[in-house]
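> Each step along the sequence shown adds one to the number in this note's numbering, with nothing skipped, and position 141 is 124. Cβ coordinates follow ideal geometry from the N, Cα and C atoms, glycine included.
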Amino acid sequence: MANFFKMFTDDSDQEDPKLAKENIQIGVKYSRFSKPPVLGKKHLIRSNSVIYNDVEIGDNFKTGHNVVIREKTKIGNNVLIGTNTVIEGECTIGNGVSIQSNVYIPKNSIIEDNVFIGPCSCFTNDRYPIRVDYELKGPQIRKGASVGANTTFLSNIEIGEGAIVAAGAVVTRNVPPFYLAIGTPANIKPLPPNLKVPNMI
């Protein structure tokens, strides 16, 4: 059993490798013909995390504890997924993305390169939950955007390149590139010049 887990954890991390290997499920079969996940080099998957089949993950990947990544999700290189985060199926996550703890990312979400998502952010993909037959559409978060803590997003919201969503905002409409969304419901205003800079992830 130890050799199996060695394929899925990087013991170079300074934490106790036994902790990193505890109760990890890699390759949860959700359909008869699903295929084991593909993971790149140098990754650390911490305890009680679950990764389904048909998932593709790049190099230098790290999770916190209790992370769930559902089927047909694609994740790039140098990505961090924080503790208690859930990524539902058929999501795409780019390179250099930092997702903090307790984040919910629904099915059909797109997160581009160098995006930061603060803790307890909640994205949705169903505009009329269990009332209307609606095509599930998650968020599209464009490259270099930053999302503050405790934010909530309606379905099919696009956060433009380099935009910032302030902590606690409730986002009900698209945010243009290099704009700020702040408040409940969020007001949209141009970013100050000093914040029109790349994320330093």
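What distance in whole Å lies between the Cβ atoms of Leu63 and Lys90, which are believed to be in contact at a cut-off of 8 Å?
With a Cβ gap of about 21 Å, Lys90 and Leu63 do not count as contacting.
> What did DSSP end up calling Leu119 once you bin it into helix, strand or coil?
coil
> Measure the Cβ-Cβ separation of Asp42 and Asn67 and say whether it is below 8 Å.
no
> Kindly indicate which residue of Val86, Ile113, Asp96, Ile124 has the alpha-carbon position closest to the one of Pro102.
Of the listed residues, the one whose Cα sits closest to Pro102 is Val86.
> Considering only the beta carbon of each residue, do Gly47 and Gly65 sit closer than 8 Å?
yes
> Identify whether Asn177 lies in helix, strand or coil by the three-state DSSP scheme.
If DSSP states are grouped into helix, strand and coil, Asn177 belongs with the helices.
> Tell me the rounded alpha-carbon separation between Ile186 and Gly23.
Within the shown structure, residues of the chain are numbered from -16 to 184, placing residue 186 beyond reach of any answer.
> Between which two residues does the beta strand (DSSP E) carrying Gln8 extend?
8 to 11
> Following a CB-centred definition, is Asn31 positioned closer than 7 Å to any heavy atom of the ligand MN?
The model on display carries no ligand, and the ligand MN is accordingly not part of it.
> By Cβ distance below 7 Å, which residues in the same chain neighbour Gln83 in space, the five residues on each side in sequence not counted?
Gly65, Ile100, Gly101, Pro102
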